[in-house]
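A.B. asks: Numbering (numbering that gives the first Met the number 0), first residue to last: 0 to 440.
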Amino acid sequence: MVKEGLRFVLTLICLMSVILFIASLALGYWLYFGVPMNMEPFIVDYSRPGGPVLRAVESPHPYPANWTDRLVLKVPYARLRIDNLTLENGDILLIVDVNTGDMWLWAGNGTGLLTKTFYANSTGFIDLNITIIDDGDGRTSWGLRIRTYVTDIWVLRAKPYILIVILPIALPFVPAWALAAFLQVLFTALLIASWASRKGFHSRVLRGWREPFFKSFQNPLYALPFIATATFTGTIALTLLLESMGVGAGLTMELPGPLLVLMETTYAAVVEEIGFRLILIGLPLALVASAKANMGRSRALVFLKALFCPGALDRDLKKTLRPLMAFLVLASSAAFGLVHVLFGAWEPGKALTATIAGLVMAFCFVRYGLHVSMLVHWYFNYHLQVWSVAYDLIGPPYDLLDVFVVLYEIALGALSLLVFAVQGLRLAIRKARGIKSEGIR
Numbered sequence: 000m001v002k003e004g005l006r007f008v009l010t011l012i013c014l015m016s017v018i019l020f021i022a023s024l025a026l027g028y029w030l031y032f033g034v035p036m037n038m039e040p041f042i043v044d045y046s047r048p049g050g051p052v053l054r055a056v057e058s059p060h061p062y063p064a065n066w067t068d069r070l071v072l073k074v075p076y077a078r079l080r081i082d083n084l085t086l087e088n089g090d091i092l093l094i095v096d097v098n099t100g101d102m103w104l105w106a107g108n109g110t111g112l113l114t115k116t117f118y119a120n121s122t123g124f125i126d127l128n129i130t131i132i133d134d135g136d137g138r139t140s141w142g143l144r145i146r147t148y149v150t151d152i153w154v155l156r157a158k159p160y161i162l163i164v165i166l167p168i169a170l171p172f173v174p175a176w177a178l179a180a181f182l183q184v185l186f187t188a189l190l191i192a193s194w195a196s197r198k199g200f201h202s203r204v205l206r207g208w209r210e211p212f213f214k215s216f217q218n219p220l221y222a223l224p225f226i227a228t229a230t231f232t233g234t235i236a237l238t239l240l241l242e243s244m245g246v247g248a249g250l251t252m253e254l255p256g257p258l259l260v261l262m263e264t265t266y267a268a269v270v271e272e273i274g275f276r277l278i279l280i281g282l283p284l285a286l287v288a289s290a291k292a293n294m295g296r297s298r299a300l301v302f303l304k305a306l307f308c309p310g311a312l313d314r315d316l317k318k319t320l321r322p323l324m325a326f327l328v329l330a331s332s333a334a335f336g337l338v339h340v341l342f343g344a345w346e347p348g349k350a351l352t353a354t355i356a357g358l359v360m361a362f363c364f365v366r367y368g369l370h371v372s373m374l375v376h377w378y379f380n381y382h383l384q385v386w387s388v389a390y391d392l393i394g395p396p397y398d399l400l401d402v403f404v405v406l407y408e409i410a411l412g413a414l415s416l417l418v419f420a421v422q423g424l425r426l427a428i429r430k431a432r433g434i435k436s437e438g439i440r
């Protein structure tokens with residue numbers, strides 16, 4: 000009865016987690032396509048003679064009296080977000096639309112300030128003069144910094160790419176809304192595929208209290224909440240340990256607005272799984288598996304199974320490939336960890352935490368398939384972020400929801416780690432007893 004009760008509780012927790020996954024997807028659809036003025040990219044300035052440049056609008060620190068700058072944006076409408084404004088008492092920030100004379104002014108200090116909405120002229124550009132007007136005393140202060148502007152997803156373009164291991168290859172520009180829609184539909188389809196595979200998630204939930212807990216892990220969607228949260232909690236603990244030792248594991252680069260970051264990191268979950276799992280693990284396995292396949296088997300079918308879902312291969316073939324599989328899992332995970340720090344985006348400690356996350360994703364790839372490793376990556380890059388993004392764009396009560404989700408995921412991760420540790424200990428004891436019995440015989 001105790002075992003059945005525990006299985007019942009774990010199954011309810013699993014069901015609640017999957018409901019949260021679905022809710023986060025629905026929230027993403029709303030944020031992308033239902034919230035106005037929802038995107039916040041870095042400034043691309045078209046005022047320079049040499050062509051558009053990515054830059055921040057930033058005064059000297061301290062600014063000279065009556066400092067001025069010009070900014071030209073190529074969007075139909077936009078609001079500037081002021082990261083930091085520190086003026087000497089009496090000075091005024093003035094932003095004027097050159098074409099219409101429309102203006103916005105601010106006397107005082109602040110962070111995260113939003114200007115009024117400026118609109119493009121007949122040529123499709125917003126042409127702004129930005130001035131800090133001195134009050135005549137000649138005294139100044141820190142000044143101004145603006146990195147991003149706010150507009151809609153419908154007017155932006157995105158530049159997708161494909162990843163050949165660590166080599167990014169740029170693709171043609173697409174509408175930003177089309178890329179967001181593709182990502183939302185893709186991960187909706189991956190959740191449905193995981194639900195339907197291996198006797199179905201609903202079947203595992205209904206029978207979860209009667210069957211051994213890890214037997215239900217045959218369905219990847221049942222396993223996903225426990226595997227993902229255990230990795231999340233484990234990497235948080237490891238990050239805290241590294242930071243206590245003076246090894247940072249945080250970001251070292253500035254980011255654009257929250258919804259744009261969400262879209263870019265969700266896209267990264269797709270291309271990184273293709274680059275590090277499909278190419279580095281699946282492709283070598285597919286080549287070797289098709290070469291070792293018996294003549295009676297379809298080599299093309301074996302190739303496709305090994306490429307996209309090595310766990311679907313025949314047991315004998317998987318046993319033959321096990322040493323190669325282990326090597327590829329370790330090598331690809333190490334490469335995944337190193338790439339996070341080689342290009343300067345993360346502090347050195349991220350190499351270790353990303354390697355561990357890569358090991359989990361690689362395990363899910365070889366056990367369940369590419370669609371599940373993508374979902375684990377999506378969990379980190381989308382599911383955990385979307386609640387805070389909603390708070391940034393909409394406000395309360397999403398701040399409370401964000402706190403609830405994070406605390407819930409950490410607690411479930413701790414429970415999952417405990418369950419995995421107990422099960423691992425039980426298996427080790429059984430194996431030790433089996434070896435001892437063999438020795439007695």
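Don't be surprised by glycine CBs; every beta carbon is placed ideally from N, CA and C.
Going by C-alpha distance, which of Leu143, Ile152, Ile235 and Leu72 is nearest Gly412?
C.D. replies: Here the question's residue 412 lines up with position 413 in the sequence shown. Among Leu143, Ile152, Ile235 and Leu72, the Cα nearest to that of Gly412 is on Ile235.
A.B. asks: How many angstroms separate the CA atom of Leu127 from the CA atom of Gly135?
C.D. replies: As a first step, residue 127 must be located in the sequence shown, where it is residue number 128. As a first step, residue 135 must be located in the sequence shown, where it is residue number 136. Spanning the two alpha carbons is a distance of roughly 24 Å.
A.B. asks: Between the Cα of Phe231 and those of Met38, Val43 and Val375, spot the shortest distance and give me the residue it belongs to.
C.D. replies: The residue given as residue 231 occupies position 232 in the sequence shown. Among Met38, Val43 and Val375, the Cα nearest to that of Phe231 is on Val375.
A.B. asks: Report back the beta-carbon spacing between Val338 and Ile165 to the nearest angstrom; my notes put them in contact at under 8 Å.
C.D. replies: Here residue 338 is taken as the residue at index 339 of the sequence shown, counted from 1. Here residue 165 is taken as the residue at index 166 of the sequence shown, counted from 1. Going by Cβ atoms, the distance from Val338 to Ile165 rounds to 5 Å, so yes, they are a contact pair.
A.B. asks: Suppose you measure from the CA of Ala179 to the CA of Met262; what does that come to, to the nearest Å?
C.D. replies: As a working mapping, residue 179 is identified with position 180 in the sequence shown. As a working mapping, residue 262 is identified with position 263 in the sequence shown. Using only the alpha carbons, I get a separation of about 6 Å.
A.B. asks: Taking the alpha-carbon positions, what's the Lys198 to Met36 distance?
C.D. replies: Indexing the sequence shown from 1 puts residue 198 at position 199. Indexing the sequence shown from 1 puts residue 36 at position 37. Near 43 Å, if we compare the C-alpha coordinates of Met36 and Lys198.
A.B. asks: Among Leu329, Val260, Ala267 and Thr187, whose alpha-carbon lies nearest the alpha-carbon of Asp391?
C.D. replies: Position 392 of the sequence shown, counted from the start, is the residue given in the question as residue 391. Answer by Cα proximity: Val260.
A.B. asks: In chain order, which beta strand (DSSP E) runs of at least 3 residues are fully inside the stretch 126-151?
C.D. replies: 142-149
A.B. asks: Looking at Val173 and Ala188, is the spacing between their C-beta atoms short of 8 Å?
C.D. replies: Against the sequence shown, residue 188 aligns to sequence position 189. Against the sequence shown, residue 173 aligns to sequence position 174. Cβ distance not < 8 Å, so Ala188 and Val173 don't count as in contact.
A.B. asks: What does the alpha-carbon distance come out to for the pair Val418 and Ser387?
C.D. replies: Taking the first residue of the sequence shown as position 1, residue 418 is located at position 419. Taking the first residue of the sequence shown as position 1, residue 387 is located at position 388. Those two C-alpha atoms are separated by around 29 Å.
A.B. asks: Exposed or buried, Glu272, counting other C-beta atoms within 10 Å across all chains shown (16 or more means buried)?
C.D. replies: In the sequence shown, residue 272 corresponds to position 273, counting from 1. Glu272 is classed as buried because its beta carbon has at least 16 other beta carbons within 10 Å across all chains shown.
A.B. asks: Might you give, ordered along the chain, the residues of its own chain that have their beta carbon closer than 8 Å to the beta carbon of Leu26, omitting 5 neighbours on each side?
C.D. replies: Here residue 26 refers to the residue found at position 27 when the sequence shown is read from its first residue. Here the set comprises Val385, Trp386 and Ala389.
A.B. asks: Quick check on the DSSP output: what are the complete beta strand (DSSP E) runs of length 3 or more inside the stretch 48-74, in order along the chain?
C.D. replies: 67-72
A.B. asks: How many Å lie between Ser215 and Leu190 at the Cα?
C.D. replies: For the purposes of this step, residue 215 is identified with residue 216 of the sequence shown, where counting begins at 1. For the purposes of this step, residue 190 is identified with residue 191 of the sequence shown, where counting begins at 1. The straight-line gap from Cα to Cα measures roughly 17 Å.
A.B. asks: Here's a check: name, in chain order, each residue in its chain whose Cβ is nearer than 7 Å to the Cβ of Ser58, leaving out the five neighbours to either side.
C.D. replies: Residue mapping note: residue 58 aligns to position 59 of the sequence shown, counting from 1. Excluding residues within five positions, the ones whose Cβ falls inside 7 Å are Trp66, Ile131, Gly142 and Leu143.
A.B. asks: Who does Tyr118 pair with in a DSSP beta bridge?
C.D. replies: In the sequence shown, counting from the first residue as 1, residue 118 sits at position 119. Paired residues: Tyr76.
A.B. asks: Using a threshold of 8 Å, state whether the C-beta atoms of Ala177 and Met38 are closer than that.
C.D. replies: For the purposes of this step, residue 177 is taken as residue 178 along the sequence shown, with counting starting at 1. For the purposes of this step, residue 38 is taken as residue 39 along the sequence shown, with counting starting at 1. Cβ atoms of Ala177 and Met38: not closer than 8 Å.
A.B. asks: Am I right that Ala344 and Thr251 are in contact with their C-beta atoms under 8 Å? What's the rounded C-beta distance?
C.D. replies: Within the sequence shown, residue 344 is the residue found at index 345, counting from 1. Within the sequence shown, residue 251 is the residue found at index 252, counting from 1. The Cβ separation is near 6 Å, so the contact holds.
A.B. asks: Would you decide whether His60 is buried or exposed? Buried here means 16 or more other CB atoms lie within 10 Å of its CB.
C.D. replies: In the sequence shown, the residue the question calls residue 60 occupies position 61. Its Cβ having fewer than 16 others within 10 Å, His60 is exposed.
A.B. asks: Nearest-angstrom Cα distance between Arg78 and Arg209?
C.D. replies: Reading the sequence shown from its first residue, position 79 is the one you call residue 78. Reading the sequence shown from its first residue, position 210 is the one you call residue 209. Near 57 Å, if we compare the C-alpha coordinates of Arg209 and Arg78.
A.B. asks: Would a C-beta distance cut-off of 8 Å place Pro40 and Thr116 closer than the cut-off?
C.D. replies: Along the sequence shown, one-based indexing puts residue 40 at 41. Along the sequence shown, one-based indexing puts residue 116 at 117. The answer is no: Cβ separation not under 8 Å.
A.B. asks: Are there 16 or more other CB atoms within 10 angstroms of the CB of Pro283, so buried, or fewer, so exposed?
C.D. replies: For this step, residue 283 is matched to residue 284 along the sequence shown. Pro283 counts as buried, since at least 16 other C-beta atoms from the protein chains shown sit within 10 angstroms of its C-beta.
A.B. asks: Using 8 Å for Cβ pairs, my map puts Ser196 next to Ile280. What's the rounded Cβ distance?
C.D. replies: Within the sequence shown, the letter at position 197 stands for residue 196. Within the sequence shown, the letter at position 281 stands for residue 280. Rounded, the Cβ-Cβ distance is 19 Å, inconsistent with contact.
A.B. asks: To the nearest angstrom, report how far apart Arg366 and Ala299 are at their CA atoms.
C.D. replies: Working through the sequence shown from its first residue, we reach residue 366 at position 367. Working through the sequence shown from its first residue, we reach residue 299 at position 300. Taking the straight line joining both Cα atoms gives about 20 Å.
A.B. asks: What is the rounded straight-line gap between the Cα of Leu182 and the Cα of Tyr160?
C.D. replies: By 1-based counting over the sequence shown, the position of residue 182 is 183. By 1-based counting over the sequence shown, the position of residue 160 is 161. Near 14 Å, if we compare the C-alpha coordinates of Tyr160 and Leu182.
A.B. asks: Can you tell which of Leu277, Asn98, Tyr31 and Val1 has its C-alpha closest to the C-alpha of Ala305?
C.D. replies: On the sequence shown, residue 305 is found 306 positions in, with the first residue counted as 1. Ranking Leu277, Asn98, Tyr31 and Val1 by Cα distance to Ala305 puts Leu277 first.
A.B. asks: Going by C-alpha to C-alpha distance, which of Leu30, Val246, Ile168 and Leu86 sits closest to Trp153?
C.D. replies: The count along the sequence shown starts at 1 and reaches residue 153 at position 154. The residue with the shortest Cα to Cα distance from Trp153 is Leu30.
A.B. asks: Evaluate Tyr118 with the Cβ neighbour count: other Cβ atoms within 10 Å of its Cβ, from every protein chain shown; 16 or more gives buried, anything less gives exposed.
C.D. replies: Within the sequence shown, numbered from 1, the residue matching residue 118 stands at position 119. It counts as exposed.
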